[in-house]
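Report on one structure; see the data block that follows.
In mature numbering (1 follows the signal peptide of the UniProt record, and there is no 0), the protein residues as written are -20 to -1, 1 to 109.
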């Protein structure tokens, strides 16, 4: 009986369609606008609206492998992007992580013009490295 239940459960789950990945807004996470570059955490992303880490700043610890959607004031306004050590971020131009861009590794870029991505990021996924 136990074996049949296990097999039935396995077949049920194996045949189930996969679900799409989770999405969150950057504003759905805790943002500390006074956090510096020296105190960083796994999953953390530091973003600014001006080059060389200037303008409006935001820092949030993001879950790994989840599409983070950027809402105003961040959508297509990011000029500096810095993943914490041990993280990388795959950036996307659209809002739902489907138009693939470059992978940004620690320490990031103070000027996204250097890679042709100034004011283009609409969403991103944080990866553990």
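Note that the Cβ used here is the ideal one computed from N, Cα and C, for glycine as well.
I need the DSSP call for residue i, collapsed to helix, strand or coil.
| i | result |
| --- | --- |
| residue 25 | strand |
| residue 76 | coil |
| residue 95 | helix |
| residue 71 | strand |
| residue 59 | coil |
| residue 100 | coil |
| residue 32 | coil |
| residue 88 | coil |
| residue 81 | strand |
| residue 106 | strand |
| residue 66 | coil |
Among the candidates the options, whose CA atom is the shortest distance from the CA of residue i?
| i | options | result |
| --- | --- | --- |
| residue 100 | 44, 88, 87 and 82 | 82 |
| residue 74 | 90, 86, 34 and 54 | 54 |
| residue 94 | 103, 84 and 102 | 84 |
| residue 118 | 102, 51 and 106 | Summary: the structure shown does not reach residue 118, with the chain confined to residues -20 through 109, and so no result is reported for it. |
| residue 69 | 98, 86, 56 and 37 | 86 |
| residue 104 | 98, 77 and 34 | 77 |
| residue 44 | 37, 34, 27 and 22 | 22 |
Would you call residue i buried or exposed, if buried means 16 or more other Cβ atoms sit within 10 Å of its Cβ?
| i | result |
| --- | --- |
| residue 108 | exposed |
| residue 64 | buried |
| residue 32 | exposed |
Our contact map puts residue i next to residue j with C-beta atoms below 8 Å; I'd like the distance itself, whole angstroms only.
| i | j | result |
| --- | --- | --- |
| residue 66 | residue 41 | Actually they are not in contact, since the Cβ atoms of residue 66 and residue 41 sit about 12 Å apart, beyond 8 Å. |
| residue 60 | residue 90 | 5 Å |
| residue 58 | residue 29 | 7 Å |
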